[in-house]
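One structure is given here, and the rest of the page talks about it.
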Amino acid sequence: MWGLDDKHVLITGAAGGIGRALVAAFRGAGARITACDLAPQALDALEGLDKTEKLAFDLTDRGGCAGAVE
68 MWGLDDKHVL
78 ITGAAGGIGR
88 ALVAAFRGAG
98 ARITACDLAP
108 QALDALEGLD
118 KTEKLAFDLT
128 DRGGCAGAVE
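Just so you know, my numbering puts 86 at position 19 of the sequence shown, and the rest follows in order with no gaps.
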């Protein structure tokens, strides 16, 4: 694919089918991943990411989004 070393990618909907595929593709290209989804338990199923690389919040909640970015 392409090299994404030293790049950080935030993937929303990471626990779903397309999100999981994106996590795998970007990780394979060397990017650092932050996986985001609404349900924290769904993020637990993502392999190869530690707890600090997973965020659970509601994209429709402005405060939740701001907190996740911080």
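Backbone N, C-alpha and C define an ideal beta-carbon position, used for all residues, glycine too.
- Between Leu122 and Phe93, the beta carbon gap of about 16 Å keeps them out of contact (Cβ cut-off 8 Å).
- Of the residues Gly95, Ala112 and Gly134, the one whose Cα lies closest to the Cα of Gly84 is Ala112.
- DSSP lists Ala123 as the beta-bridge partner residues of Asp104.
- Residue pairing by DSSP places Ile85 in no beta bridge whatsoever.
- In its chain, beyond the 5 residues on either side, Phe124 and Leu126 have a beta carbon closer than 7 Å to the beta carbon of Cys132.
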